[in-house]
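Numbering (the numbering used here), first residue to last: 8 to 562.
As structure tokens, this is what we get:
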């Protein structure tokens with residue numbers, strides 16, 4: 008075990024990139040803040056990450072030591088060695104201001120997990136605190152420019168670090184997180200990274216600091232944590248009362264408010280597979296007696312004004328809950344005005360930041376669906392199919408679609424083969440209605456994530472059947488074919504017997520990369536070898552066009 012400690016520190020000390028790493032931002036004091044010694048007879052490891060090579064200990068590989076021997080004999084010797092190393096290297100970029108040395112040991116009583124040493128370099132801690140305060144003051148609270156995601160990676164963790172801030176200032180932490188988002192709203196990709204950093208820090212804080220005060224937690228590498236409320240567990244302080252619309256966000260000042268803030272961040276900005284964690288945080292807050300959590304689950308997070316999430320009149324009733332990403336719509340009168348109001352309601356919410364991975368719960372006597380096989384027969388689908396019956400709503404449907412369309416955002420009531428990007432139903436319906444919506448179809452296809460949805464194939468089949476290959480449709484058809492999956496087989500070869508139509512298709516390959524051309528050709532001819540065979544047998548202009556297609560595909 009001692010030998011492994013020496014090896015690890017010697018390897019890190021020999022690195023030449025240590026200074027360069029910490030010089031990227033003033034908010035990083037050192038690179039390593041944790042090492043884990045995993046003792047196994049015959050194969051001991053020491054690493055800065057928990058490799059967790061084998062968590063099962065049977066009688067035949069149980070340890071030679073008792074737990075008491077590990078604590079009283081082994082631990083002091085190992086700690087002495089690590090302390091010596093820290094005295095040598097703690098002032099360098101190798102070691103962070105806070106450093107923990109942990110161990111896993113097989114014992115005669117079973118597996119033993121220990122924190123062997125918890126070390127704080129006070130000089131570095133004070134220096135980091137000064138840097139954090141300076142950064143927040145200059146770059147966040149009084150800053151006017153976008154900030155760097157690397158800086159938020161460290162800042163979000165520092166603000167929730169009990170060694171830096173023993174008393175958590177919830178209101179200021181939330182205000183800082185909100186300010187970082189405000190400063191970076193003009194840079195969507197960077198903003199998404201900032202939010203991921205915040206969510207990760209909030210999750211770590213919730214699962215490792217806040218919730219363990221009230222819950223016994225069973226953790227698993229592959230399953231969600233299981234929480235059991237401790238007997239007599241209650242919130243330490245009375246939670247913040249419900250905020251009226253004019254009250255300041257800074258009044259959210261209790262730790263439970265930070266848990267709920269993190270839950271909303273997860274539910275609004277994380278992928279669908281992460282949503283259960285956000286809902287779990289909400290449910291745990293309810294168990295702790297948080298009336299605000301109960302209210303949020305019923306009415307939403309409080310992000311939106313009441314008039315934005317509730318609408319009710321004699322024609323239509325709408326209610327939205329961003330916690331569940333759910334919009335409930337009751338069409339009381341089946342007429343254009345009712346759907347117009349509902350569409351305006353949804354579009355406004357999405358423009359204001361309502362989760363795009365939402366679903367609709369619809370109560371309506373009309374049951375229309377798009378003429379496309381393979382789409383989910385969901386309420387969301389039915390709502391847009393119903394609305395598409397009214398010609399006067401088409402401009403509003405296009406406006407909705409352009410707001411809703413976003414890569415990697417999918418309707419919450421679709422999955423697997425029926426998974427589809429938000430805006431799909433409106434785009435498909437409009438695209439099959441009139442050529443004036445071809446630009447919308449092209450816009451949609453440019454955002455399709457063809458690795459996680461294949462409903463575009465279903466649409467393209469119907470699109471080709473309706474419009475064929477014309478001067479107007481050929482460019483859009485190629486845009487569509489660039490996003491197909493390998494399972495699509497488009498039956499337009501008879502139409503391409505016409506040299507004029509073949510020429511139209513060939514013209515659209517200009518500017519495409521060879522692999523894109525090959526992808527476009529596959530649903531029509533299959534592998535390019537088949538096209539090459541047809542080219543050899545053809546003559547005249549047809550042969551020239553087929554050879555031109557092959558050349559565009561790099562063959």
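Cβ atoms here follow ideal geometry from the backbone N, Cα and C, with glycine treated the same way.
Which of helix, strand or coil DSSP assigns to residue 103: Residue numbering aside, residue 103 sits at position 96 when the chain shown is read from its first letter. Strand at residue 103.
Which of helix, strand or coil DSSP assigns to residue 142: As a position in the chain shown, residue 142 is number 135, starting the count at 1. Correct three-state label for residue 142: helix.
Residue 223 (DSSP reduced to helix, strand or coil): Here the question's residue 223 lines up with position 216 in the chain shown. Three-state result, residue 223: strand.
Please report the distance separating the alpha-carbon of residue 330 from that of residue 283. As a working note, residue 330 is residue 323 in the chain shown. As a working note, residue 283 is residue 276 in the chain shown. Approximately 11 Å between the Cα atoms of the pair.
According to the neighbour-count rule (16 or more other Cβ atoms, all chains shown, within 10 Å of its Cβ), is residue 557 buried or exposed? Position 550 of the chain shown, counted from the first residue, corresponds to residue 557. With 16 or more other Cβ atoms within 10 Å, it is buried.
Does the Cβ of residue 278 have 16 or more other Cβ atoms within 10 Å, making it buried, or fewer, making it exposed? Position 271 of the chain shown, counted from the start, is the residue given in the question as residue 278. By the 10 Å Cβ count, residue 278 comes out exposed.
Same chain, Cβ closer than 8 Å to residue 211, neighbours up to 5 away in sequence not counted: The residue labelled residue 211 in the question sits at position 204 within the chain shown. Only 164, 167 meet the Cβ criterion.
Going by alpha carbons, who is nearest to residue 125 out of 40, 179, 162? The count along the chain shown starts at 1 and reaches residue 125 at position 118. Comparing Cα-Cα distances from residue 125 to each of 40, 179, 162, the minimum goes to 40.
May I ask which residues mark the beginning and end of the beta strand (DSSP E) holding residue 39? In the chain shown, counting from the first residue as 1, residue 39 sits at position 32. Unbroken beta strand (DSSP E) run through residue 39: 39-45.
Please report the distance separating the alpha-carbon of residue 406 from that of residue 362. As a working note, residue 406 is residue 399 in the chain shown. As a working note, residue 362 is residue 355 in the chain shown. Answer to the nearest angstrom: the Cα atoms are 17 Å apart.
Going by C-alpha to C-alpha distance, which of 129, 510, 195 sits closest to residue 170? For the purposes of this step, residue 170 is taken as residue 163 along the chain shown, with counting starting at 1. Closest option to residue 170, Cα to Cα, is 129.
Residue 20, buried or exposed, once every other Cβ within 10 Å from all chains shown has been counted against 16: As a working mapping, residue 20 is identified with position 13 in the chain shown. Residue 20 should be labelled exposed.
From residue 236 to residue 296, what distance separates their C-alpha atoms? The residue you call residue 236 lines up with position 229 of the chain shown. The residue you call residue 296 lines up with position 289 of the chain shown. Whole-angstrom Cα-Cα distance: 12 Å.
So, is residue 83 buried or exposed, given that buried needs 16 or more other C-beta atoms within 10 angstroms? Taking the chain shown and counting its residues from 1, one reaches residue 83 at position 76. Its Cβ having fewer than 16 others within 10 Å, residue 83 is exposed.
Could you pull the DSSP bridge partners for residue 109 from this structure? Residue 109 sits at position 102 when you count from the first residue of the chain shown. Looking at the DSSP assignment, residue 109 forms a beta bridge with 43, 122.
For residue 54: DSSP bridge partner residues: Translated into the one-based positions of the chain shown, residue 54 becomes position 47. 43, per the DSSP bridge assignment.
Would you give the residue range spanned by the alpha helix (DSSP H) that residue 487 belongs to? Counted from its first residue, the chain shown places residue 487 at position 480. Here the alpha helix (DSSP H) through residue 487 covers 480-488.
Straight-line CA distance for residue 181 to residue 175? Position 174 of the chain shown holds residue 181. Position 168 of the chain shown holds residue 175. Distance between the alpha carbons of residue 181 and residue 175: 11 Å.
Identify the continuous beta strand (DSSP E) that holds residue 333 and give its terminal residues. Reading the chain shown from its first residue, position 326 is the one you call residue 333. 333-338 is the extent of the beta strand (DSSP E) around residue 333.
Residue range of the beta strand (DSSP E) that includes residue 11: Counting from one through the chain shown, the residue named residue 11 turns up at place 4. Note, residue 11: premise wrong, no beta strand (DSSP E); alpha helix (DSSP H) at 9-20.
What does DSSP give as the partner residues of residue 117 in its beta bridges? By one-based count along the chain shown, residue 117 stands at place 110. Beta-bridge pairing links residue 117 to 114.
I need the boundaries of the alpha helix (DSSP H) containing residue 477, first residue and last residue. Against the chain shown, residue 477 aligns to sequence position 470. No alpha helix (DSSP H) holds residue 477; DSSP gives it neither H nor E.
Give the DSSP-derived three-state secondary structure of residue 412 in the structure shown. As a position in the chain shown, residue 412 is number 405, starting the count at 1. DSSP places residue 412 in coil when its eight states are reduced to three.
Can the beta-carbon of residue 337 be found less than 8 Å from the beta-carbon of residue 366? In the chain shown, counting from the first residue as 1, residue 337 sits at position 330. In the chain shown, counting from the first residue as 1, residue 366 sits at position 359. Contact: no.
Have a look at 387, 35, 380 and flag the residue whose alpha-carbon is nearest the alpha-carbon of residue 374. Indexing the chain shown from 1 puts residue 374 at position 367. The candidate whose alpha carbon is nearest that of residue 374 is 387.
DSSP three-state label for residue 393, please. Sequence index remark: in the chain shown, residue 393 carries index 386 (1-based). The answer is helix: DSSP assigns residue 393 an H, G or I state.
Reducing DSSP to helix, strand and coil, say where residue 516 ends up. As a working mapping, residue 516 is identified with position 509 in the chain shown. Note: residue 516 maps to coil in three-state DSSP.
Assigned exposure category for residue 649 - 16 Cβ within 10 Å defines buried: Outside the shown range of the chain, which is 8 to 562, sits residue 649, and nothing can be said about it.
Rounded Cβ spacing between residue 6 and residue 177 (contact assumed at less than 8 Å): Here the chain comprises residues numbered 8 to 562, so residue 6 is not present and cannot be evaluated.
Cβ-based burial, residue 156 [other Cβ within 10 Å; buried from 16]: Residue mapping note: residue 156 aligns to position 149 of the chain shown, counting from 1. Buried is the call here.
Would residue 206 and residue 309 be called neighbours here (beta carbons separated by less than 8 Å)? Locating residue 206 in the chain shown gives position 199, where the first residue counts as 1. Locating residue 309 in the chain shown gives position 302, where the first residue counts as 1. No. Outside cutoff.
Given residue 201, which residues of its chain have a CB within under 8 Å of its CB, disregarding the five upstream and five downstream residues? Along the chain shown, one-based indexing puts residue 201 at 194. Excluding sequence neighbours, residue 201 sits near 154, 156, 159, 187, 188, 191.
Give a yes or no on contact between the stretch 28-44 and the stretch 144-151, applying the rule of three or more CB pairs nearer than 8 Å. no
Residues that residue 317 bridges to, as DSSP identifies them: The residue labelled residue 317 in the question sits at position 310 within the chain shown. For residue 317, which the question treats as bridged, DSSP gives the partners 326.
Rounded separation between residue 559 and residue 513 - CA only: Here residue 559 is taken as the residue at index 552 of the chain shown, counted from 1. Here residue 513 is taken as the residue at index 506 of the chain shown, counted from 1. Roughly 9 Å between the two C-alpha positions.
Residue 71 bridges to which residues according to DSSP? Taking the first residue of the chain shown as 1, we reach residue 71 at position 64. Paired residue(s): none; residue 71 is not in a bridge.
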